[in-house]
Amino acid sequence: MDLGIRGKKAIVCASSKGLGRGCAMALAEAGCDLVVNGRNAELLAKTAAELRERFGVKVTEIVGDVSKPEVQKALLAACPDPDILVNNNGGPPLRDFRELDREKILEGVTQNMVTPIELIKAVIDGMAARGFGRIVNITSLSVYVPIPGLDLSSGARAGLTSFLAGVARTVMDRNVTINNMLPGKLDTDRLRGPHEPGSVEDPAAAAARKAQAAANVPAKRLGTPEEFGQICAFLCSVHAGYLTGQNTPVDGGLYVSAF
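In the working numbering, the protein residues as written are 15 to 273.
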C-alpha cells in the first residue's frame, strides 16, 4: 500500500533501537525524511546509516535524552516544520512504589508525560496551518493493564493519554491526528532485561526466555519492532486521517476486552 507520505518530514524520538527504530524504518520505507534521536551516539549513527543505505532518504541525527530542553531544541532546529512526530522515550525501571521519592516521580512524569506534551505544543499549530499532521505517542499496555512495579510509568503514560484525548479533537478538522500505540510484549532490549551493552544472548537461552515471556500471549510469540513500526507508519499515513484520539494495543491479543 502506498501510504501517501513520501517526502514528508518526520521526527522520531528515541529511535536508535527498539520500537522507535522500528517506526523510523517503516517511515523511511514509506519515503519520509527523518530526524532520529538516541542517547548512544554510536548506535544512533549505525541506525541512521542503515536508514540512508536501505531507503535513500535524508536522515539527521540528534544525540541526547529527548526529555532535556536542549535536545528538544536541537530536534526542532533540525526539523522546524515536521509533518509527523513520533513520541517515544524510555520508561522508569521496575521499582516498588515505596522506593520512589519526589525526585524520581518528577523525573518519570517528565520523561513520559511532560516531554511529549512539550514537543506536541511546539509542532501542532504548524501542522494545523499546513493542513497535515500525524502525531503518534508510544505509551504502554500498562495504561490499560497495570503492572506492579511500573506504577510510575503507567501513571505518567495514562496522564499523557487523558491530557491529549481532548487536544486531539481540537485539530482534527485541519487534518492533524493524535493517536497512541500501546505495546505489549515485544522483542526489545527492555523485555530482555538488564544486560551488558553489545552482549550477545545465547540462542538457546534466548529462545527459552522468549517462549516463557510469550506463554500467556494469545499469539504465542513476541511482537517485533518491525511490525510495530508498520502499524505506526499506517497511523501516520494519508489513509488514517479519520482516526484520532485512539489507543491501539499492539500486544498479540494479550489485552482481553470486547470493547
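Heads up, the beta-carbon is just placed ideally off N, CA and C, and yes, glycines get one too.
Just mark residue i as buried or exposed, buried being the case when its beta carbon has 16 or more other beta carbons within 10 Å.
{"i": "aspartate 16", "result": "exposed"}
{"i": "tyrosine 158", "result": "buried"}
{"i": "serine 251", "result": "buried"}
{"i": "valine 71", "result": "buried"}
{"i": "proline 83", "result": "exposed"}
{"i": "glutamine 125", "result": "buried"}
{"i": "phenylalanine 242", "result": "buried"}
{"i": "isoleucine 161", "result": "exposed"}
{"i": "serine 30", "result": "buried"}
{"i": "glycine 237", "result": "buried"}
{"i": "aspartate 115", "result": "exposed"}
{"i": "aspartate 97", "result": "buried"}
{"i": "lysine 199", "result": "buried"}
{"i": "alanine 42", "result": "buried"}
{"i": "aspartate 47", "result": "buried"}
{"i": "alanine 233", "result": "exposed"}
{"i": "glycine 122", "result": "buried"}
{"i": "serine 81", "result": "buried"}
{"i": "glutamate 135", "result": "It is worth fixing the name first, because residue 135 is lysine in this sequence and not glutamate. By the neighbour-count rule (16 or more Cβ atoms within 10 Å), lysine 135 is not buried but exposed."}
{"i": "alanine 38", "result": "buried"}
{"i": "proline 217", "result": "exposed"}
{"i": "lysine 23", "result": "buried"}
What distance in whole Å lies between the Cβ atoms of residue j and residue i, which are believed to be in contact at a cut-off of 8 Å?
{"i": "isoleucine 245", "j": "valine 264", "result": "6 Å"}
{"i": "valine 190", "j": "isoleucine 138", "result": "6 Å"}
{"i": "glycine 45", "j": "glycine 78", "result": "That pair is no contact at about 27 Å."}
{"i": "arginine 183", "j": "alanine 142", "result": "That belief does not hold up - the Cβ atoms of arginine 183 and alanine 142 are roughly 13 Å apart, past 8 Å."}
{"i": "arginine 223", "j": "glycine 163", "result": "Between glycine 163 and arginine 223 the Cβ distance is about 19 Å, and since that is not below 8 Å, they are no contact."}
{"i": "proline 239", "j": "arginine 35", "result": "6 Å"}
{"i": "leucine 33", "j": "threonine 202", "result": "6 Å"}
{"i": "methionine 195", "j": "threonine 153", "result": "7 Å"}
{"i": "alanine 225", "j": "asparagine 103", "result": "No, alanine 225 and asparagine 103 are not in contact; Cβ-Cβ is about 29 Å, not under 8 Å."}
{"i": "methionine 127", "j": "alanine 170", "result": "4 Å"}
{"i": "leucine 99", "j": "leucine 133", "result": "6 Å"}
{"i": "arginine 148", "j": "leucine 249", "result": "7 Å"}
{"i": "leucine 155", "j": "tyrosine 269", "result": "6 Å"}
{"i": "leucine 174", "j": "proline 130", "result": "6 Å"}
{"i": "alanine 334", "j": "alanine 247", "result": "Since the first residue shown for the chain is 15 and the last is 273, residue 334 is missing from the structure and cannot be characterised."}
{"i": "glutamine 260", "j": "asparagine 193", "result": "5 Å"}
I need the DSSP call for residue i, collapsed to helix, strand or coil.
{"i": "arginine 66", "result": "helix"}
{"i": "threonine 153", "result": "coil"}
{"i": "asparagine 103", "result": "coil"}
{"i": "alanine 44", "result": "coil"}
{"i": "leucine 196", "result": "strand"}
{"i": "isoleucine 19", "result": "coil"}
{"i": "alanine 221", "result": "helix"}
{"i": "proline 263", "result": "strand"}
{"i": "alanine 24", "result": "strand"}
{"i": "glycine 237", "result": "strand"}
{"i": "valine 214", "result": "coil"}
{"i": "valine 252", "result": "helix"}
field: Stretch-stretch touch, CB-based, cutoff 8 Å, three pairs: the segment 46-53 with the segment 65-83
entry: yes
- request: May I have a chain-ordered list of the alpha helix (DSSP H) segments no shorter than 4 residues that lie completely inside the segment 49-94?
  value: 55-69, 83-92
query: Which parts of the segment 114-186 are runs of the alpha helix (DSSP H), unbroken and 4 residues or longer, counting only runs that do not cross its ends?
result: 116-123, 129-144, 165-184
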